[in-house]
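Numbering (our numbering), first residue to last: 22 to 132. The block underneath contains the structure these notes are about, expressed in structure tokens.
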Amino acid sequence: MVILGLAPDFASDDVEQRLPDIGSARAWLTQHGENIEAALTQRRQRLLAHFGDASAAEIARHEDALRLGLARFGERHGLASTDFHPYHNEHHAQEILFRRIDRLIDRHGLD
């Protein structure tokens with residue numbers, strides 16, 4: 022699956038060419054020990070309980086976008102990168118995505 026609708030004025034960079042799709046993103050995440058599936062499953066169950074099964078396909082698309090984004094972020098600036106950023110990397114993104122956003126949902130709900 023490829024995310025469509027991106028501006029054609031911008032050519033894919035080397036990271037996007039190495040990680041062009043969800044399959045390559047999943048492989049990258051597995052290879053680099055990034056186990057986000059349990060957290061995604063927990064979040065999905067919470068969202069489905071609130072929004073219903075009709076939202077399942079939309080949630081799956083968002084999960085795939087997260088996988089692709091995290092893999093590309095890690096490839097660019099993470100532990101596997103030659104341009105490591107000690108604060109802005111795939112681990113920081115996961116901290117925000119799961120722990121911080123979960124706290125916001127706990128506190129304020131999903132409405």
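Glycine included, each C-beta is placed from N, C-alpha and C at the ideal position.
- Distance between E111 and E58, taken at the CA atoms: about 14 Å.
- Scanning its chain for C-beta atoms nearer than 7 Å, with the 5 sequence neighbours on each side dropped, one finds around R47 the residues R88, in chain order.
- Every unbroken stretch of the alpha helix (DSSP H) spanning 4 or more residues and falling wholly within the region 47-95 is given here in chain order: 58-72.
- Assignment of F105 by DSSP, reduced to helix, strand and coil, places it in the coil class.
- For E116, the number of other beta carbons within 10 angstroms of its own is below 16, and it is reported as exposed.
- In the three-state scheme derived from DSSP, where H, G and I count as helix and E and B as strand, L118 is classed as helix.
- When C-beta atoms of the region 60-77 are compared with those of the region 98-108, fewer than three pairs fall below 8 Å, so the two segments do not count as touching.
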